[in-house]
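Here's the structure, in structure tokens; my notes come after.
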Amino acid sequence: MRFACTLCGDCCRASPVSLLPHEDVILREIAERLEIPYKSYNGYVMYDRVSGYNLAFSYVMDLIDGKCPFLAGNLCRIQNLYKPLICRSFPYIPRQVRYNIDSYNRVVYATVEYGLSLMCPVIKKDKTELERLGELNPGILSEYMPQEYEAAGEMERIRSLLLALLSTLWRLGVVELETGRPGAPVYNLYLFLAKHYPDLPHILKIDHVMKRLTEVLEYE
Numbered sequence: 079m080r081f082a083c084t085l086c087g088d089c090c091r092a093s094p095v096s097l098l099p100h101e102d103v104i105l106r107e108i109a110e111r112l113e114i115p116y117k118s119y120n121g122y123v124m125y126d127r128v129s130g131y132n133l134a135f136s137y138v139m140d141l142i143d144g145k146c147p148f149l150a151g152n153l154c155r156i157q158n159l160y161k162p163l164i165c166r167s168f169p170y171i172p173r174q175v176r177y178n179i180d181s182y183n184r185v186v187y188a189t190v191e192y193g194l195s196l197m198c199p200v201i202k203k204d205k206t207e208l209e210r211l212g213e214l215n216p217g218i219l220s221e222y223m224p225q226e227y228e229a230a231g232e233m234e235r236i237r238s239l240l241l242a243l244l245s246t247l248w249r250l251g252v253v254e255l256e257t258g259r260p261g262a263p264v265y266n267l268y269l270f271l272a273k274h275y276p277d278l279p280h281i282l283k284i285d286h287v288m289k290r291l292t293e294v295l296e297y298e
């Protein structure tokens, strides 16, 4: 048994899309250059007393007219440019993300709980069999949906990387972190980190995405 997307498009219409901070930067640039409406707002923040900013650890992309702004028919218009990690991992998605502050050791880390979304008709159909197989093989998901499982792993590797880089700045005294402060201006965590780590766009392959976008626009 292997998961296969039916291209129903339900997941692109059901709810706003959770993004890592660098993904909001990517999608905003793609939308602007392709002249596609785009709305997003920050999710979880931590306050940095040094800069005076709330650093945004996540973003949420709003639906427009009841669907993802990048949806065309039932297909993703930016599939070959950049598809958000949560879209790539769907229907295996974070059910809960908790960001934790260890002030003594000056470390920020996340604990994430994943699960299968019953919003997906394929999961609804396979649910009983998956539960039966899961009792025999706890690693069944990596076999049932290897690409989606890998995308979830990539999402968490990048989340952990961003938090590790921020924690390093904290230990160096570059930032002083605490829980989010209401009313403080918001700064995208990725953009904040990129000022201190110039190679970050390359590490996250953002330069590759932008190069590809330029090529697509030139071809058109």
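When the sequence shown is numbered by our numbering, its final residue is 298 and no position is left out of the sequence of numbers. Note that the Cβ used here is the ideal one computed from N, Cα and C, for glycine as well. Predicted model, so just to flag it, every value in this text is computed and none were measured.
Have a look at the options and flag the residue whose alpha-carbon is nearest the alpha-carbon of residue i.
i, options, result
"TYR51", "PRO276, ARG166, VAL252", "Residue 51 lies beyond the residue range present for the chain, which begins at 79 and ends at 298; the question has no answer from this structure."
"PRO263", "MET79, CYS83, SER129", "SER129"
"SER96", "MET79, ALA134, LEU153", "ALA134"
"SER60", "CYS146, GLU110, THR206", "Residue 60 is absent from the structure shown; the chain starts at 79 and stops at 298."
"VAL287", "GLU110, CYS89, TYR160", "TYR160"
Could you pull out every residue in the same chain whose Cβ sits closer than 8 Å to the Cβ of residue i, ignoring the five residues on either side in sequence?
i, result
"TYR227", "SER167, TYR170, LEU219, SER220"
"THR84", "PRO199, VAL200"
"SER136", "SER96, LEU97, LEU98, PRO99, ASN120, GLY121, TYR122, VAL175"
Whole angstroms are fine: how far does the CA of residue j sit from the CA of residue i?
i, j, result
"HIS274", "ILE281", "14 Å"
"ASP143", "LEU112", "18 Å"
"LYS117", "ASP140", "5 Å"
"CYS198", "TYR182", "42 Å"
Helix, strand or coil: how does DSSP classify residue i here?
i, result
"GLU296", "helix"
"CYS165", "helix"
"SER245", "helix"
"CYS154", "strand"
"MET223", "coil"
"THR206", "helix"
"TYR268", "helix"
In chain order, what residues of the same chain have a beta carbon less than 7 Å from the beta carbon of residue i, not counting five sequence neighbours either side?
i, result
"ALA272", "LEU278, PRO279"
"PRO224", "none"
"LEU194", "PRO169, TYR170, ILE201"
"ILE108", "ILE156, LEU159, TYR160, LEU291"
Can you pull the DSSP bridge partners for residue i?
i, result
"LEU194", "TYR170"
"LEU97", "TYR137"
"ALA188", "TYR177"
"ILE104", "According to DSSP, which records beta bridges pairwise, ILE104 is partnered with nothing at all."
"MET79", "For MET79, which the question treats as bridged, DSSP gives no partner whatsoever."
"ILE142", "LYS145"
"ASN215", "Note: ASN215 sits in no beta bridge, so no partner."
Once you ignore the five residues that flank residue i on each side, which residues in its own chain have a CB closer than 6 Å to its CB?
i, result
"GLU191", "ARG173, GLN174"
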